[in-house]
Amino acid sequence: MLKKHPLFTFIVFGAVLFLLSNRVDELRVFQGATVAIYVIAIASIILLTGYSGQVSLGHGALLAIGGYAAALSRNEWGAPVWLTFCIAVLAAALGGYLLGLAAARLSGPYLAGTTLALAIGLPSIANQFTVLGGEQGLLFDIGVPPTFLGEDFTQYKWFFWIASLAALIAIYWLRNVMNSRYGRSWKAVRGNDVAAELAGINVGRNKVLAFTVSAGLAGLAGALLAMTISTVSPGAFPLALSFSLATGAVLSGVTTLGGVMIGAVTLVAIPEIVDTVVSRFESSESVANNLPGLLVSTLLILTVLFVPNGPVEQMRARHEKRAKR
Amino acid sequence: MIRTNRRKLALTSAVLAVAAMTASSLPAQAASDPGLTSTTIKLGITVPLTGIASPGYNKIPGAMKAYFDYVNANGGVNGRKITLVVKDDQYIPTTAVAKANELILKDKVFALVGTLGTASTKAISASTQLAKRGIPSLFVNTGFSGFADKKAYPTTFSILPSYQMEAKIMGKFLKDKYADKKLALIYQDDDFGRDALAGFKQAGITFGTYIPYASGSQSLPATGAGWISKLKASGAEVTVLFGVSSASTAALANAYAAQFKTQWVLGSVGGDATTIAATNKAYVPLLYGAKGFSFAPAPTDATDEYIKLFQSIYATAQPTQTFDNNVVAGMSNAFVAVQALQAAGSNLTRAGLIKTIEAKGASFANPFLTPLGYSATSHVGATGYWIGTYDPTGALKPDGGKYTVYTTDSGAGPVVESTYKRPAMPAKGLPN
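Chains as they are written, first to last, in UniProt numbering: chain R, 1 to 325; chain V, 1 to 432.
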């Protein structure tokens, strides 16, 4: 179905989400919005790492660029909401392009180190310029939902609709890009850059392009993240965010977009599951506090050990093996 | 005949459907606000329990719980027992919003208490729409003067004096005590520091040397490299540090290493011995002799009736933890919250609670040595500071052996020595 009529599948999926958003309570709607944002951010990492072979431990910084760009364009120029998201994508893509120029000359641990430094350093720039609001950050208010949606239409449902629509469009577009000439070139570069170059692919340019596209997606995720918390501040983009996104990408399987939901849902669900379990058993505070981190790390290790390419890729491989017999 | 029947059926079901829809859309909380039963009140708090900003702060929920449990064991508030739901936000605004949402939507708390950190507090307030939903956010732990703005944050009450108040009082202290000395200021170059600069300007203080530092966040340690050589070059005799604990740690440690002597004056945020000890216990004695500011009685002052009570409650509830100013902060916060809930009466509502604090908040019994500033126009709690000197264990002792309290406002008002006499503690520290 997905292979033959991808657009149709995405529309059906969107309709299901729409119906779901009217059925579940508001906390789930809020969490749904968070999942949608993680989907975009993780897809951006998968594109970069899985498809073009470059590692980024600093995606939080690119999200921050997007978040701040959106908030600034809204607060300073009163840009309409849709435009703030476009500006966020462009600003982060520009940042990614510049970073990509440096990244194309680096690889492996050096690239990881560079992006890591960026994640640590960039958010604190906000403290240097008054216009960025310092430690307290800036408000980012997208306004109330349009009145024709009715009075019962909550703010979080509005956030959920915007975030889900953005995620659906982003993933659909990304899927098409992956199947285009660019996607194939990126995969070729990842596989073997010498062979790719011999085949006439400009390796450097393709790496920069992948970085730019990935950063644009991260910027979109950043703007959406800022929307759900209605503010941007340096603290919202900590190193922990960059790491959990990388973790999400590994759980989803870095080489395929198909599992992107897995990582996103895991990141949102684990803390809550732990909360529920812990509240049932009277356990010590330090155990309860550190359990989510422990669980996610354990999952990460298990994934790397047993399904290094992610559960979706693993299932496909098994399926193909069986088909061959 | 069949047709009329069918029409009747359609009509009836339509009426029924409309009736059902109206009934289900009636406000569910007509009976009472969320988080309340006739025997319980549910409150929620998000604080950093893990992560780099957690040392010190992570003791606040335990301290609050200890006092609430004490009140519950003695009959509760107007017959209701208080439960406190605690969430860990790691000092990350995004997480703080997610956790606040769980508190409001899943745990259905009556009110938030003791939210910590300016960025988190701001994000929670905006994203969860506290004002629109009328959810009280009691006694947030931040000195950012913005939360005093009743229009922007109509349901939020702060407990700390504003940073500007602190700088004004510090300014007067410097003028009175060190007028002929060479002064220097190390401050955080953001809104936090700018609040302070505004306060010093109002106090008419100019420093010989200004050393701004860019802190990435509370969680990033400042280097302090170069500060001491600048101070040495300027011959600073008195150095004010208006920054976070990591900055004071860096300054004190570097000064010690360089054998540089100056009279340190530390702002309340950066002068917390517990937080400094979390970096390195060996740094705590470096606080010895520095001047510091506080508005609550010293945690070591067992002659204070509140401290005496809090110490005994905490020793029973958390026997393995040390009693420090974070514990005093948490228990004081819980104490004022209980006073507010008590004053709001047995017919408790969210709107009623907010109105009560505005109307009677200034007269609530509380452990602080400064008057509370709550009124229909102000949502700021404590309104002043006393000045003391750190002893070798990092405890702040009041100068002259007694608390001399100065009060002021966040505007152009003067700094005056307070004549406020704290009312006696209610019997056994219970609501009355």
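From the three backbone atoms N, C-alpha and C, an ideal C-beta is built for every residue, glycine too.
Alpha carbon of residue i to alpha carbon of residue j, nearest angstrom
| i | j | result |
| --- | --- | --- |
| R/M227 | V/A278 | 35 Å |
| V/I104 | V/A343 | 23 Å |
| V/E166 | V/K360 | 25 Å |
| V/N58 | R/V277 | 21 Å |
| R/A269 | V/S234 | 56 Å |
| V/G413 | V/P398 | 25 Å |
| R/R205 | V/G44 | 52 Å |
| R/F13 | R/A264 | 16 Å |
| V/P392 | V/V284 | 7 Å |
| V/F364 | V/V336 | 7 Å |
| V/S312 | V/L369 | 20 Å |
| V/F68 | V/T121 | 23 Å |
| R/Y156 | R/L122 | 29 Å |
| R/I169 | R/G191 | 28 Å |
| R/A163 | R/L224 | 6 Å |
| V/T46 | V/A340 | 20 Å |
| R/L149 | R/G67 | 26 Å |
| V/K65 | V/P55 | 18 Å |
| V/F323 | V/T142 | 21 Å |
| R/G96 | R/A103 | 9 Å |
| V/S25 | R/E151 | Bear in mind that a pLDDT of 42 at V/S25, under 50, signals an unreliable position, so the model cannot answer this. |
| R/V81 | R/F140 | 10 Å |
| R/M174 | V/K132 | The sequence as given places Leu at residue 174 of chain R; Met does not occur at that position. Approximately 38 Å, taken between the alpha carbons. |
| V/M21 | R/V16 | Because V/M21 carries a pLDDT of 41, less than 50, the predicted location of this residue cannot be relied on, and no value is offered for it. |
Contact list for residue i against chain V, beta-carbon separation under 7 Å
| i | result |
| --- | --- |
| R/E135 | T118, A119, D190, D191, F192, S217 |
| R/F30 | N101 |
Cβ-Cβ distance between residue i and residue j below 8 Å
| i | j | result |
| --- | --- | --- |
| V/I169 | V/Y403 | no |
| V/A53 | V/P93 | no |
| R/I229 | V/S378 | no |
| R/V55 | R/A167 | no |
| V/A184 | V/F200 | no |
| V/A73 | V/V327 | no |
| V/L241 | V/A251 | yes |
| V/I159 | V/F110 | no |
| R/R52 | R/A210 | This sequence places Ser at residue 52 of chain R; Arg is not what is there. Taking 8 Å as the Cβ cut-off, R/S52 and R/A210 qualify as a contacting pair. |
| V/G384 | V/S418 | yes |
| R/V189 | R/V203 | yes |
| V/A382 | V/F295 | yes |
| V/P34 | V/K87 | no |
Residue closest to residue i, alpha-carbon to alpha-carbon, out of the options
| i | options | result |
| --- | --- | --- |
| V/A376 | V/L43, V/S125, V/K151 | V/K151 |
| R/L291 | R/G222, R/D275, R/S180, R/R105 | R/D275 |
| R/A71 | R/G53, R/S52, R/A91 | R/A91 |
| V/L266 | V/V327, V/A196, V/A302, V/Q311 | V/A196 |
| V/G226 | V/A253, V/A203, V/S245 | V/A253 |
| V/A148 | V/T46, V/F200, V/V380, V/D33 | V/V380 |
| V/G134 | V/A258, V/T155, V/G143 | V/T155 |
| V/D190 | R/A188, R/L132, R/R184 | R/L132 |
| V/D304 | V/T37, V/N366, V/G352 | V/N366 |
| R/I65 | R/A218, R/L57, R/G32 | R/A218 |
| V/G270 | V/A302, V/F323, V/K291, V/A255 | V/K291 |
| R/L98 | R/L118, R/C86, R/D141, R/V177 | R/L118 |
| R/L305 | R/V250, R/T114, R/R318, R/L294 | R/V250 |
| V/T262 | V/S410, V/A247, V/I228 | V/I228 |
| R/L20 | R/T9, R/G32, R/I11, R/F10 | R/G32 |
| V/K81 | V/G117, V/V416, V/V97, V/T37 | V/T37 |
| V/F192 | R/G134, R/P308, R/A215, R/K207 | R/G134 |
Contacts of residue i in chain V (Cβ-Cβ under 9 Å)
| i | result |
| --- | --- |
| R/A223 | Chain V residues near R/A223: none, gap ~13 Å exceeds 9 Å. |
| R/T34 | T94, A98 |
Listed by chain order, chain R residues near residue i by CB distance under 7 Å
| i | result |
| --- | --- |
| V/A129 | At residue 129 of chain V the sequence reads Gln, which differs from the Ala that was named. In chain order: Q155. |
| V/V328 | None at all; the shortest Cβ gap to chain R is about 20 Å. |
| V/K106 | L27 |
| V/T50 | N289, N290 |
| V/D88 | N289 |
Contact list for residue i against chain B, beta-carbon separation under 8 Å
| i | result |
| --- | --- |
| R/L294 | Within the model displayed, chain B is absent; protein chains R and V are what it includes. |
Contacts that residue i makes with chain V (C-beta to C-beta distance below 8 Å)
| i | result |
| --- | --- |
| R/R139 | According to the sequence displayed, residue 139 of chain R carries Leu and not Arg. Those within 8 Å of R/L139 in chain V are K122, A126. |
- Could you please tell me which residues of the region 273 to 295 of chain V, in chain order, have their CB closer than 8 Å to any CB of chain R? none
- Query: At a Cβ cut of 9 Å, what residues of the region 61 to 90 of chain R count as close to chain V, listed as they run along the chain?
  - Reply: none
- Query: Given a limit of 8 Å on CB to CB distance, which residues of the region 168 to 189 of chain R reach chain V?
  - Reply: Nothing from the region 168 to 189 of chain R brings a Cβ to less than 8 Å from some Cβ of chain V.
- In the region 149 to 180 of chain V, which residues sit with their C-beta less than 7 Å from some C-beta in chain R, listed in chain order? none
- Query: the region 222 to 256 of chain R: which residues have C-beta closer than 8 Å to a C-beta of chain V, in chain order?
  - Reply: When CB distances to chain V are screened at a threshold of 8 Å, the residues of the region 222 to 256 of chain R falling below it are L225, T228, I229, S230, T231, S233, P234, G235, A236, P238, A240, L241, in chain order.
- According to a CB-to-CB cut-off of less than 8 Å, which residues of the region 105 to 127 of chain R neighbour chain V? I120, G121, P123, S124, N127
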